[in-house]
Amino acid sequence: MRAQLRLLQATTLVSTLDRFAMPPMLVAIAASLDVPLTQVVTAAGAYFLVYGLGQPLWGFASDRYGRVRVLRTSLVIAGALSLVSALSPTVLVLGILRGLAGGFFGAAYPSALIYLGDTVAPARRQQAITGLMVGVAVGTAAASAGAGLLADVATWRLPFVITGSAALVLAVLLARLPEPAGAAARTTARASVATIARSRVTLLVLLFAFVEGVVLLGALTLLPTAVESSGASTTVAGAVTGVYGLAVLLGSSSVGRLSLAWHPARLILLGAACAALATGLLAVSQRPAVAVVVAVLLGIAWPAMHSSLQTWATEVLPQSRAVVVSFFAAALFVGSAIGAIVVAGLADEGRFAVVYGAYAALAVPLGIGAWAARRRWHRPVEQQEP
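Residue 124 is where the sequence shown starts when you use the working numbering, and the numbers rise one by one after that.
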């Protein structure tokens, strides 16, 4: 299982590299293509929007054709699209190609999550899922620091070449990953959707994921741009954001251990508190020193709250796990995309105090609501897994 986890971590690393390569380069891309920052922020939002909207399709495909087969096929297409997007002559072409790449890269993390749900016992599942975030952490740190640096010293197009090539290599290596036993279609797509629609707790988890996407991913997407608004260079802004990845890496290890002793509701509350404090601080100041503290707090919030909500998503309806997890990811990234698009105009005007003040205001009810709901929820006897 350790070797399988390493492959899954590599999957999350590559997909995260591609997902977070663009935010540190928003200003550089806008200058290179001679367009307003708003247009580039919208192009970045298109990635998250298509990434999110495609999630249910990957859940259905995963049930029908197999977890590993779908994962490998999507990585091949995503890698090719990422390579082509490096040649984009206009922001419109860039937005379209990045959106399509996001749609196919969207299969990576949910497929890895579903795979762990199929193969790891519930008692140790959150620890395994938290371990999966090591790939996310390394990918985020490398993309945040590396993309900004490459944009400064070379070109903003180079990171897309790197992520595209890595995806193609990974698609070959994943041939070593066996399909989990019993992962064939358990229910039809229509039946799974109907089951989700009837499950109030599942709908509630999806709502929490949507708001989390707005707050956590929205705050992270605009972090380098906010730092640059204080006068910092693209390289400095990327390096500051890279601290987030390191914080996730260290935080994931700690949260993994805490998950064996703490109730998930406590971890959710911890994560929400860190998110509220982080966004509140950035509403006051966008200077690099403050942003470093913010990055650390967000790096704790992500494994604490997100891994708890993710694990909950794998448990609410075990027989429809692939579809639930895919809808969870859809809600998360659609929330992120809508949040980014809504505040794009404010970001272009440099009104980050308003943007991050709104994020802080959303983090409070998210944390309290998710904490209370998760504390009351218990897995029904009829849904107990072997």
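Think of the CB as a built atom: it goes at the ideal place given N, C-alpha and C, for glycine as much as any other residue.
Where residue i falls, given that 16 or more other Cβ within 10 Å makes a residue buried
i: L210; result: exposed
i: L383; result: exposed
i: P182; result: One detail in the question is off: residue 182 reads as Gly in this sequence, not Pro. By the neighbour-count rule (16 or more Cβ atoms within 10 Å), G182 is buried.
i: A320; result: exposed
i: D141; result: buried
i: H429; result: buried
i: Y188; result: exposed
i: V164; result: buried
i: D157; result: exposed
Where residue i sits in the DSSP three-state scheme
i: P303; result: coil
i: L345; result: helix
i: R499; result: helix
i: Q409; result: coil
i: R313; result: helix
i: W435; result: helix
i: L339; result: helix
i: W425; result: helix
i: R393; result: The identity of residue 393 in the sequence shown is Leu, whereas the question assumes Arg. Here L393 sits in helix by DSSP.
i: S185; result: helix
Residue interval of the alpha helix (DSSP H) (run including residue i)
i: P159; result: Taken as a continuous stretch (DSSP letters only), P159 belongs to no alpha helix (DSSP H), as it is neither H nor E.
i: S208; result: 190-208
i: S234; result: 231-242
i: V366; result: 357-381
i: L293; result: 281-296
i: E335; result: 323-335
i: Q249; result: 245-276
i: Q127; result: 125-142
i: A453; result: 444-471
i: L217; result: 214-228
Residue i and residue j closer than 7 Å at C-beta
i: Y482; j: V338; result: yes
i: A427; j: G458; result: no
i: I252; j: T434; result: yes
i: G287; j: Y367; result: no
i: F143; j: S208; result: no
i: L297; j: R195; result: yes
i: A470; j: L345; result: yes
i: A406; j: A486; result: no
i: G361; j: A463; result: no
i: A151; j: T357; result: yes
i: T135; j: L255; result: yes
i: A260; j: L372; result: yes
i: A290; j: A201; result: yes
i: L404; j: V415; result: no
i: D241; j: P301; result: no
i: G218; j: A166; result: yes
i: S375; j: V257; result: yes
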